[in-house]
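Order-wise, the sequence lines are chains A and B.
Reading the first sequence from the start, the letters are residues 98 to 305 in the numbering used here.
Reading the second sequence from the start, the letters are residues 738 to 921 in the numbering used here.
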Amino acid sequence: MNAKQIMKDGLFYQNPVLVQLLGMCSCMAVTTTLFNGLGMGLSVTAILICSNVVISLLRRLIPSKIRIAAYIVIIAGFVTMVDLLLQAFLPALSNSLGVFIPLIVVNCIILGRAEAFASKNGVAASALDGLFQGLGYTMVTVVMSVIRELLGNGTFGAGVFGDGIRLIPAGYPALLMILPFGGFLTLGCLIAFSQWALKKRQEKEGAK
Amino acid sequence: MTRQSNFRYYLRLTLTLFLITAIVAALLGAVNAVTAGRIESLRQERTQAAMREVLAAEDYVPAACDEPGVQAIHAAMRGGSLAGYVVEVAPAGFGGAISMVVGVDLAGTVTGVSIVSMAETSGLGDNAKKESFRSQFVGGSGQLAVTKDGGTIDALTGATVTSRAVTSGVNTAIAAAASAREAE
Chain A
98 MNAKQIMKDG LFYQNPVLVQ LLGMCSCMAV TTTLFNGLGM GLSVTAILIC SNVVISLLRR
158 LIPSKIRIAA YIVIIAGFVT MVDLLLQAFL PALSNSLGVF IPLIVVNCII LGRAEAFASK
218 NGVAASALDG LFQGLGYTMV TVVMSVIREL LGNGTFGAGV FGDGIRLIPA GYPALLMILP
278 FGGFLTLGCL IAFSQWALKK RQEKEGAK
Chain B
738 MTRQSNFRYY LRLTLTLFLI TAIVAALLGA VNAVTAGRIE SLRQERTQAA MREVLAAEDY
798 VPAACDEPGV QAIHAAMRGG SLAGYVVEVA PAGFGGAISM VVGVDLAGTV TGVSIVSMAE
858 TSGLGDNAKK ESFRSQFVGG SGQLAVTKDG GTIDALTGAT VTSRAVTSGV NTAIAAAASA
918 REAE
């Protein structure tokens, strides 16, 4: 098990959103304020760790013919638990994320990691993979939230620090950044930037 | 594969999946048992707080109503006499139903509007929660409309659909309160 490699893969080289292009729907839908982006990222991370651990534990017991069905049942179970717990103990977050929490069930990151990693690796490695893939996702949702909130609403950290710190006076921010359109634009720019950065690094290593 | 082993194989598939499903269901039941009470009491608290906010009273008595679009209507009792009605409505907004309560006094005038829950676009439509938007309805009666439709309500920037939905919810509530008053 190579913990360092798992970390680097999750955050950068195999970042679920920027490189694997998984989970983009939720990434665009909820990243309108820092509170939403952070809350969604951490919820996905928690579910990813749990489902990876359980699926890794059961990997020898689940026959391959029914593995997808079994994974989905396990994932849906964890998502529903998180949904209920958020509703009971963090109602503010649950209200603002609304339907996107239950929709984590169909977020391809979770099933993708179950199939590509947890079903082939040990428990500890799978837990680490879940943690860092989740943090990789959280990183993207947080960056997107900060950009969209600043350009679209003119604030930073709405929900986390009250109504947020106003950096651009009301009336000036470009409203469209909050709309789905702004989500596509932001994500496109982020993916392009990460591809550029990864390629540059590759060239550097190739030159050595 | 012989018939016997084929049968065993499928039995194993079925039983494994059944077992996983059963365990997950049991765990979900446990989590639900822990959280259900809290979720329900939070929901009631929110509705109660919203009702007190739109029309302060000591007691809210559920009343019958068959107006279309009305979720529930409560007679607000103050000092033993009727003070007005609190109407729960859920007009369709941009991101699904907007669950809100509207207070209407005996003269048919809006005393307050409060949003209980909604899934409107964060940063645009969800500004409907703000006091500055909601307070425009206070004192209104009859049919209200946003300025774009020739009314007096200033719509939220970039959220005309939400503004229209809230306005139509208030109109429904005013109508419901009027018909409940007649029925008394």
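Ideal Cβ placement from N, Cα and C applies to all residues, glycine included.
Just so you know, these numbers come straight off a predicted model, no measurement behind them.
Leaving aside the five residues before and after isoleucine 852/B along the sequence, list all residues of the same chain whose C-beta is less than 7 Å from its C-beta, in chain order. Closer than 7 Å at the Cβ level, and outside the excluded window around isoleucine 852/B, lie Ile835, Met837, Ala865, Lys866.
Does DSSP classify methionine 137/A as helix, strand or coil? Residue state for methionine 137/A is assigned as helix, using DSSP reduced to three classes.
Report the option in Ser878/B, Tyr746/B, Val771/B whose CA atom is closest to the CA atom of isoleucine 911/B. Comparing C-alpha distances from isoleucine 911/B to each of Ser878/B, Tyr746/B, Val771/B shows the shortest one belongs to Ser878/B.
Within 8 Å of any Cβ in chain A, is that where the Cβ of leucine 893/B sits? By this cut-off, leucine 893/B is not an interface position.
Expressed to the nearest angstrom, what Euclidean distance is found between the alpha-carbon atoms of tyrosine 747/B and glycine 279/A? Distance from the CA of tyrosine 747/B to the CA of glycine 279/A, rounded to the nearest whole angstrom, comes to 50 Å.
Can a CB atom of chain A be found closer than 8 Å to the CB of arginine 749/B? Using a CB distance cut-off of 8 Å, arginine 749/B counts as an interface residue toward chain A.
What residues in the region 827-859 of chain B have a beta carbon less than 9 Å from any beta carbon of chain A? Cβ contacts with chain A come from Gly832, Gly833, Ser854, Met855, Ala856, Thr858, Ser859.
Test: glycine 195/A CB closer than 8 Å to a CB of chain B: Residue contact check for glycine 195/A against chain B: a CB pair falls below 8 Å.
So, does the CB of glycine 174/A fall closer than 8 Å to a CB anywhere in chain B? Taking a beta-carbon distance threshold of 8 Å, glycine 174/A counts as an interface residue toward chain B.
Just tell me which of Asp226/A, Gly249/A, Val240/A has its CA closest to the CA of alanine 100/A. Proximity to alanine 100/A across Asp226/A, Gly249/A, Val240/A peaks at Asp226/A, based on C-alpha coordinates.
Please report the residue range of the beta strand (DSSP E) in which valine 824/B lies. Valine 824/B -> beta strand (DSSP E) spans 818-826.
Counting beta carbon pairs with one atom in the region 870-887 of chain B and one in the region 800-807 of chain B, are three or more of them shorter than 8 Å? No, because fewer than three Cβ pairs between the region 800-807 of chain B and the region 870-887 of chain B fall closer than 8 Å, the two stretches do not touch.
Between lysine 296/A and threonine 897/B, what straight-line distance do the alpha-carbon atoms span, to the nearest angstrom? One C-alpha to the other measures close to 45 Å.
To the nearest angstrom, report how far apart glutamine 785/B and asparagine 112/A are at their CA atoms. Using only the alpha carbons, I get a separation of about 45 Å.
Does the ligand SAM have a heavy atom nearer than 7 Å to the CB of lysine 885/B? By its list of ligands, the structure shown contains no ligand whatsoever, and the ligand SAM lies outside what it can speak to.
What does DSSP give as the partner residues of aspartate 842/B in its beta bridges? DSSP output for aspartate 842/B lists Gly821/B as bridge partner(s).
Look at the alpha carbon of glycine 268/A and the alpha carbon of glycine 120/A, and state the distance between them as a whole number of angstroms. Rounded to the nearest angstrom, the two C-alpha atoms are 32 Å apart.
Do you know offhand how far leucine 154/A's Cα is from glutamate 777/B's? One C-alpha to the other measures close to 35 Å.
Spell out a yes or no on whether the region 179-194 of chain A and the region 127-135 of chain A are touching, meaning 3 or more CB-CB pairs, one atom from each, closer than 8 Å. Yes, since at least three Cβ pairs between the region 179-194 of chain A and the region 127-135 of chain A fall closer than 8 Å, the two stretches touch.
Have a look at isoleucine 244/A and leucine 182/A and give me their C-alpha separation to the nearest angstrom. In this structure, the CA atom of isoleucine 244/A is about 29 Å from the CA atom of leucine 182/A.
Output the boundary residues of the beta strand (DSSP E) element that contains alanine 800/B. For alanine 800/B, the enclosing beta strand (DSSP E) has its first and last residue at 796-800.
Out of Gly256/A, Phe253/A, Ser148/A, Leu247/A, point me to the one whose CA is closest to phenylalanine 214/A's CA. Out of Gly256/A, Phe253/A, Ser148/A, Leu247/A, Ser148/A has the C-alpha closest to the C-alpha of phenylalanine 214/A.
At the 8 Å Cβ level, is valine 761/B part of the contact set with chain A, yes or no? The beta carbon of valine 761/B falls within 8 Å of a beta carbon belonging to chain A, placing the residue at that interface.
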